[in-house]
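Comments concern the structure below.
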Amino acid sequence: MYQKLFISCVVVTWTSLGVWFGNDNIVPFQYAKNVLRADTITPKLVGLQRDTTFRPDSVIAPEVKISDLSYLSVCPGSPVLIPFTAEGPFKDDNKFIVQLTNASGKFVNISEPMKEGPVAVTLPANRSGSVSVRVVSTNPEIISKPTRLTILPLPHARMELVDGSTNTKIGPGQAATYRVMLTGAAPWSFTVSDGTTVTNTLVNPFTAQVTPGQTSSFKVTGVNNACGSGTTSGEVVVQVSQDTLPVIALKAIPRVGFRLCTATPFQINFSATGKYEAGNGFVVQLSDTTGQNFKNISDLIPQSPIMAKTPAGLVPGIYKLRVVSTFPTIMSDTVDVAISAPAKAVLRRDTLQIAEGESTNLTLDFSGGGPWFVLLSDGTYQNDIRTTPYTVKVTPQNPTAYTITSAGGFCGVGDLSGTAFVNVKIPPPTIATGNLSDKTICSGTEITVPFSSTGRFNNANKFLVQIKDTTGRWVYLPTIGGTSSLRAKILPPYLKDTLTTQQVRVISTDPLVEGTPTTIQVMMPNAAQASVTGGAVIRPGGAARLKVSFKNGLPPWSFVLSDGTAINGTFINPYQITVTPRTTTEYKVVMVNNTCGTGTADNTNATIRVETN
């Protein structure tokens, strides 16, 4: 029973790797399942040893990687070499197949099974555009990530008239214009049925004219590009009639009709087909605002185009325009013409008041044909204005009177008028001296004095630092700095004590403004003094006490005695020190300093006499 339970656990655990038998053999599971029996297994106990069990995470998974082909643009039906790499274990009978997406987006085989890459394939002759290509393996079945490939379309040429129709009627000697719509990659070469040949053109659509002597049809008989011969479609029939009735048709009409200004020249294009009498001419006519009562607005011209000019003083509105022939009298269809008046811009006469740094709006009224533009006297510019009244935001730095420098609309610069005044309330200049980061400063030290200011100061203004002397007078300090902080060297002319309370402030010169003062403590430079006392008589090996006394200056003090004894940073005054000279020695202070630098030592000394008798 225990043997059966042990075997079942082994099978579950090692199904994917193999089965362990008592004789140390490892048999793949697919073979072991036919021979594994509980009554044939004799477990074998072994001692501790290195684990040599096969582990699945050490196996490299097979992978197929296709090279990037997105940079390729290939003609349909062309041979292409598809490079790829295969990594990991593959079976001996494995093959690689190249697949391409069809018109429905499904991958289909386009190559024979091959043992290795690259694989040469022939692209379908009926596919074009962007397609996906991938490589698949058969054993095991692995699919690469797809890459994009561009198949250029074969050329196609379609012939039609310039208006998209296929039939037209002309009179004797007149011309008909056709166009050839081309698709596929440029350049194109094509042949027309009348023998016209066009070679390596980049123009699309390609337009040309024919002047047949009789009714004829025209079509493209062949087209090709870098990918070879393509297909053609379309046919144009040009009817030539000896008794064609005259017809005038306006050309190049804007989608919303013409828009014109009064007293402005403009050009009208038209086509005139049919038979006209000798001496015939064409003239442009304009109606009144009711669409009636047409009047000539151009000279008599024998052919298109005609230069015309709108009359001065026309009331803005919608008019009708047409072209009329004289022999015979034939009129074209009418087209709407919107007549616009010159623009007028008026700046409302306002008096506004703002605080310094604030903005306000000026109001402008426009009339005449828009959209409008405006340029104010301070340089403020706005265009594409489509509403009236219209506000313009301004931020003057000083009281300013505004006028219009230029303004206009659809018909150019118009009439300008109006003035607006904006008063700016400028606060009086003030200076506030800031607190110094270090309140106790040695005389002769450079300090930084922060300050803030409000109001206006002239260009010639300078900010300077002042300090009060011992008489209460404000005196200038050497000053360096800009508009938010200054650097000055503390050189008070009168310092009576070691530590002096001083007041510092910042002032301006143009205009003269006195800043609020701040208080600092200034120490006398080189003020520390030291002396040594305490002479005595001792026996050899004995000791004596000396006292070093300080005056002036502020602690901590540091000093050096003549025997080399050095004390650094003491707050004790007087400072006692024990000495043990071997011979009679004279002691004195050779150096003393504190926060403000090196001080002075007086000429006093202390003698320790060593007696041997």
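At position 369 of the sequence shown the residue is numbered 371 (the numbering used here), and the sequence of numbers has no breaks. Idealized CB from N, CA, C, for every residue including glycine. Just so we're clear, the structure is a prediction, and the values are computed from it rather than from any experiment.
Query                                                                                                       : Result
Those residues which DSSP pairs with I255 across a bridge                                                   : Answer is none; I255 lacks a bridge partner.
Under 8 Å between C-beta atoms of I255 and V137                                                             : no
Classification of D41 by the beta-carbon crowding that lies within 10 angstroms, buried from 16 upward      : Legend: pLDDT at D41 = 41, less than 50; position of this residue unreliable, value from coordinates given subsequently. Classification for D41: exposed.
Check whether A409 and V451 have beta carbons under 8 Å apart                                               : no
Beta-carbon proximity check, S243 vs G173, cutoff 8 Å                                                       : yes
Start-to-end residues for the beta strand (DSSP E) that takes in D386                                       : 383-387
Separation of E89 from T54, as counted between CA atoms                                                     : Unreliable positioning characterises T54 in this predicted model, as indicated by a pLDDT of 48, which lies under 50. The coordinate reading is nonetheless provided below. Taking the straight line joining both Cα atoms gives about 25 Å.
Proximity of T518 and V506 at Cβ, strictly below 8 Å                                                        : no
R351 (DSSP reduced to helix, strand or coil)                                                                : coil
L247 - DSSP class collapsed to helix/strand/coil                                                            : coil
Three-state secondary structure assigned by DSSP to W190                                                    : strand
For Q294, three-class secondary structure by DSSP                                                           : coil
Endpoints, beta strand (DSSP E) assigned at I610                                                            : 608-612
CA-to-CA distance, E279 to F220, given in whole angstroms                                                   : 30 Å
Validate contact between the region 179-188 and the region 227-244 using beta carbons, cut 8 Å, 3 pairs     : yes
Buried or exposed (CB count within 10 angstroms, at least 16 for buried), N295                              : exposed
Backbone CA spacing between N607 and L548 [nearest angstrom]                                                : 10 Å
Beta-carbon spacing of F453, T435 below 8 Å                                                                 : yes
Nearest residue (CA-CA) to D604, options R611, V534, A546                                                   : V534
T511 and L466 closer than 8 Å at C-beta                                                                     : yes
Contact the region 362-378 vs the region 323-334: 3+ CB pairs below 8 Å                                     : no
Cβ pair T405, L349 closer than 8 Å                                                                          : yes
Reduced DSSP secondary structure (H/G/I, E/B, other) of S10                                                 : Caution is warranted here: a pLDDT of 34 is assigned to S10, below 50, making its placement in the model unreliable, and no coordinate value can be reported.
With 16 other Cβ atoms within 10 Å as the buried cut-off, status of N461                                    : exposed
Outcome for N620 when other beta-carbon atoms lying within 10 angstroms are tallied against a minimum of 16 : With the chain covering 3 to 615 only, the question about residue 620 has no answer from this structure.
For T203 and S273, the rounded distance between their alpha carbons                                         : 28 Å
Where the beta strand (DSSP E) through V317 begins and ends                                                 : No beta strand (DSSP E) holds V317; DSSP gives it neither H nor E.
Identity of the residue in F552, M309, R611 nearest A538 by Cα                                              : R611
Residue interval of the beta strand (DSSP E) (run including A178)                                           : 178-185
C-beta contact flag for T291 and I299 at 8 Å                                                                : no
With 16 other Cβ atoms within 10 Å as the buried cut-off, status of M309                                    : exposed
Per-residue burial, T124 [other beta carbons within 10 Å of its own, 16 or more giving buried]              : exposed
Beta carbon of F86 nearer than 8 Å to that of G107                                                          : no
Pair within 8 Å by beta-carbon distance, S139 and F109                                                      : no
Extent of the continuous beta strand (DSSP E) to which N596 belongs                                         : 591-596
Close beta carbons around T382, own chain, < 7 Å, minus the five adjacent residues each side                : V394, V396
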